[in-house]
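A.B. asks:
2 protein chains.
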Amino acid sequence: MKSKEITIYDIAKELDISPATVSRGLRDHPAISRKTKKKIMDTARAMGYRSNTFASSLRLKRTNTIGVIIHRLDSYFVATVLAGMEKVASESGYNLIISQSLENTEKEIANANTMFNSRVDGVMASLAYDTEDISHFEVFIEKKIPLLFFDRVYKHKDCPNVVIDNYKAAYEITSHLIEQGCKKIVHVTGNLKRNVYADRFEGYKKALEDNGLKYTDELLIINYMDEHIGPNVDAAKQILAINPLPDGAFITNDAFAAYCMRELKLAGISIPKDIAIAGFNNDPISGLVDPNLTTINYPSYEMGEVAARTLINHLREVTDMMLTESIVLKSEMIIRGSSLKKGAQ
Amino acid sequence: MKSKEITIYDIAKELDISPATVSRGLRDHPAISRKTKKKIMDTARAMGYRSNTFASSLRLKRTNTIGVIIHRLDSYFVATVLAGMEKVASESGYNLIISQSLENTEKEIANANTMFNSRVDGVMASLAYDTEDISHFEVFIEKKIPLLFFDRVYKHKDCPNVVIDNYKAAYEITSHLIEQGCKKIVHVTGNLKRNVYADRFEGYKKALEDNGLKYTDELLIINYMDEHIGPNVDAAKQILAINPLPDGAFITNDAFAAYCMRELKLAGISIPKDIAIAGFNNDPISGLVDPNLTTINYPSYEMGEVAARTLINHLREVTDMMLTESIVLKSEMIIRGSSLKKGAQ
DNA sequence: AATAAAATTACAATCGGTTGCATTTTAAAA
DNA sequence: TTTTAAAATGCAACCGATTGTAATTTTATT
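Order-wise, the sequence lines are chains C and D.
Taking the numbering used here, I'd label the letters of the first sequence as residues 1 to 345.
Taking the numbering used here, I'd label the letters of the second sequence as residues 346 to 690.
(1) Measuring alpha carbon to alpha carbon, tell me which residue in D:Ser-378, D:Ile-584, D:Tyr-542, D:Gly-412 is nearest D:Ala-653.
(2) Could you give the residue range of the beta strand (DSSP E) that holds C:Ala-31?
(3) Can you confirm whether D:Ile-356, when its beta carbon is compared against all beta carbons of chain C, has any partner nearer than 8 Å?
(4) Within 8 Å (strictly less), CB to CB, does D:Pro-629 reach chain C?
(5) Measure the alpha-carbon distance for C:Gln-100 versus D:Leu-565 and round it to whole angstroms.
(6) Spatial neighbours of C:Leu-73 within its chain, please: CB distance less than 8 Å, with the 5 preceding and 5 following residues excluded, ordered by chain position.
(7) Hey, does D:Asp-635 have any beta-carbon neighbour from chain C nearer than 8 Å?
(8) How about the segment 607-615 of chain D and the segment 264-279 of chain C: do they share at least three Cβ pairs that are nearer than 8 Å?
(9) Which chain C residues sit within Cβ distance under 9 Å of D:Asn-568?
(10) Using beta carbons (cut-off 8 Å, strictly below), is C:Arg-316 in contact with chain D?
(11) Here's the rule I'm using: 16 or more other beta-carbon atoms within 10 Å means buried, otherwise exposed. How should C:Ala-31 be labelled?
(12) Give the DSSP-derived three-state secondary structure of D:Ile-518 in the structure shown.
(13) Just checking: is the beta-carbon of D:Ile-443 within a distance shorter than 8 Å of some beta-carbon in chain C?
(14) Report the residue ranges of all alpha helix (DSSP H) runs contained in full by the segment 13-63 of chain C; include only those spanning at least 4 residues, in chain order.
(15) From which residue to which residue does the alpha helix (DSSP H) around D:Phe-625 run?
(16) If you pair each beta-carbon of the segment 139-155 of chain C with each one of the segment 302-322 of chain C, do three or more pairs fall below 8 Å?
(17) Does the Cβ-Cβ distance between C:Ala-255 and D:Pro-629 come in under 8 Å?
(18) Do you know offhand how far D:Gly-370's Cα is from D:Ile-353's?
(19) Is C:Gly-212 closer than 8 Å to C:Asn-253 when the C-beta atoms are compared?
(20) Once DSSP output is grouped into helix, strand and coil, what is the label at D:Asn-449?
(21) Residues in its own chain within less than 6 Å of D:Asp-544 by CB, not counting five upstream and five downstream?
(22) Answer with buried or exposed for D:Val-663, where buried requires no fewer than 16 other C-beta atoms within 10 angstroms of its C-beta.
(23) Quick test of your reading: C:Thr-294 and C:Ile-239, contact by CB under 8 Å. State the CB separation rounded to the nearest angstrom.
(24) Check the Cβ-Cβ distances between D:Leu-656 and every residue of chain C, and say whether any is below 8 Å.
(25) Which complete alpha helix (DSSP H) runs does the segment 88-151 of chain C hold, if anything under 4 residues is left out?
(26) Grab the span of the alpha helix (DSSP H) containing C:Thr-189 for me, first residue to last.
(27) Whose Cβ in chain D lies nearer than 9 Å to the Cβ of C:Arg-119?
(28) Determine whether the Cβ of C:Ser-175 lies closer than 8 Å to any Cβ atom of chain D.
(29) Please name the residues in the segment 81-109 of chain C whose beta-carbon is closer than 7 Å to at least one beta-carbon of chain D, in chain order.
(30) What residues from chain D crowd round C:Asp-74, counting only those whose CB sits closer than 8 Å?
(31) Counting only beta-carbon atoms, is C:Arg-262 nearer than 8 Å to chain D?
(32) So, for D:Gly-682: in the same chain, excluding its five sequence neighbours on each side, which residues have a beta-carbon less than 6 Å away from its beta-carbon?
(33) Report buried or exposed for C:Pro-244, applying the criterion of at least 16 other Cβ atoms within 10 angstroms of its Cβ.
(34) When the Cα atoms are used, what is the spatial distance from D:Gly-548 to D:Ile-518?
(35) Taking the C-alpha atoms as reference points, what is the distance between C:Glu-138 and D:Ala-389?
(36) Can you give the Cα-Cα distance for D:Ile-523 and D:Val-673, rounded to whole angstroms?
In structure tokens:
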């Protein structure tokens, strides 16, 4: 004998008014008098009424739900972005539906379809490792469902994106390594088709060039960049295989850099004396490894907040996000022991 | 001119049959002939039909959505649990709505209400740091919406929980410290009202007792256990303030333990020689700090999978989870350098 | 070919909230 | 008191899928 669900019809009957008035009263419609509104509100509370979102969504064609597609939940960076998004969304009365592609394009396509069928009001996405064709996102654009990319973005005229200046950050941190005396800096990074890695690579190369250092392909180590394959030794091994040994390494992920550092240390390399290391993200791990890791502070929580706020404001027609091409957040270098060949500053 | 949404009525008109047949055809109802079904399916695909979930939910009183309430997304442990949940849920056609309490009971209450109003089919929750009264969850129980707790659980006759044996794990790791020669072991942990911390505390005390060591309140350091307050030095300071200095520490969170280790090392303490350290969770950080941290492997991803599977099977009436009181997952100790006073094994 | 049985398909009500427009009530003006 | 305007409320259709029951068609049986 489950307690029956209360509807506006029940409230209407109770107060002997029409359901339409109840509906308007509950939504604070101006055509309803103060007095009636109060009666309705009170009765609704007393009877334990809760609005049926489906009936409402069915009528209004809105869900107050935002879909988020990310590559994986269990990454410090992603979890932090999500935390920021969730905060803003929940403050604004939106629910978040989150799904992970696990770096797999097939799954990303499936997720996009699920979101589409769930009729989310908007979508925030960060692409999987090797997604190139984004036609699975076209459905949103066609149906005018706002779509926004963050971090791993795709430049599309109908999709704003929220990013940091990866090029500049990479340029800056590479320059720092050079300034510390590095002459041969390897770059460990991910799939160069992804904007984040491509931009960092360009920044890195430009810094070398501007400082009279020559870039050769030998210096580029492409890696899967997965924090979760556990102690990854491949990259470290590849570094060690280079002859003569590099004296600097710019690794585009702190967790990954931490694993490399461990392997290098095990191989008897001294950091930063033999090789100076710089990471990316300002993962908490960067402050815990020995020596502490020089890195780029990536405002992940803020990125989540900004992305969510931008999308929600657009949904509410507060602002038109389609006027925006991209939002670039501030990032800054954090210099720590792992790169200080010249000794502490 | 946004393309109009296709409904079963459109398909019905196109094929000159009734909407009822279309509905049944799409859901593979046995009363519809093979031939008609095929026609319906093909036309639906051709016309770009997508089912309207609200209309369906309104009718069926189901949402295929599961609510998850956690304390915070940006915690390694939580993110990993969520990853496991998301995997299982998405495989089974369920969406996950995730909201974080940020360790705040007020927000947890608000989240529970949102979930309730969103009419989730079921809920998985891990309690906030100091939630004691769980009456905000009673609505689910009253409305027979299955509710399951994981990790930070609350024993309630209508709510199964998924946990590890915190008592045993703590007993084991404390015994290990003792076996390594520790005579004075401090315990750094969280709010003892939370089962996870209470159970670990009991296991720790029992291990001391069984080995003839005396427990005194001086050895207990209660801390907020937040990985995100950044370099937390309080606990480390408190340890250093104890006279004579302890020779062992069991800290119930790896990230937290890592921060403590850093502070202790800065204070000139040698680990494990002066103080042996043990953590909890098997956070990746445990394998990166120096020395590597002895810890308990907490099967977080598996916990997420198990919790989600249990709830979904219940929703699908495959199994009746209400027959289960709790599911205890295996955990095991991982011995690493931070606790090996007697040298590597 | 006639009839019964089985297999398909259609009708119409339902789920609960929303909203354009019509109607009633109340207040203000004449 | 009557007229008119403004404010408040009600009517009824609609959103799209589902389903019990009735109606129709097909197939099998004699």
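Built from N, CA and C at the ideal position, the CB exists for glycine as well.
C.D. replies: So, from the data block:
(1) D:Gly-412
(2) First-last for C:Ala-31: undefined, no H or E at that position.
(3) no
(4) yes
(5) 40 Å
(6) Ala-79, Leu-82, Ile-98, Gln-100
(7) yes
(8) no
(9) Ordered by position in chain C, no residue passes the 9 Å Cβ test against D:Asn-568, which lies about 17 Å from the chain.
(10) no
(11) exposed
(12) helix
(13) yes
(14) 19-26, 34-47, 53-60
(15) Careful: D:Phe-625 lies outside any alpha helix (DSSP H) and carries neither H nor E.
(16) yes
(17) yes
(18) 10 Å
(19) no
(20) coil
(21) Asn-511, Tyr-512
(22) exposed
(23) Actually they do not touch by this definition, with Cβ atoms about 17 Å apart.
(24) no
(25) 105-117, 138-142
(26) Counting along the chain, C:Thr-189 falls outside any alpha helix (DSSP H), though it belongs to the beta strand (DSSP E) covering 185-189.
(27) Arg-395, Asn-397, Thr-398, Phe-399
(28) no
(29) Leu-82, Ala-83, Glu-86, Ser-90, Asn-95, Leu-96, Ile-97, Ile-98, Ser-99, Gln-100
(30) Tyr-421, Ala-424, Thr-425, Leu-427, Ala-428, Tyr-646
(31) yes
(32) Pro-636, Asn-637
(33) exposed
(34) 9 Å
(35) 19 Å
(36) 26 Å
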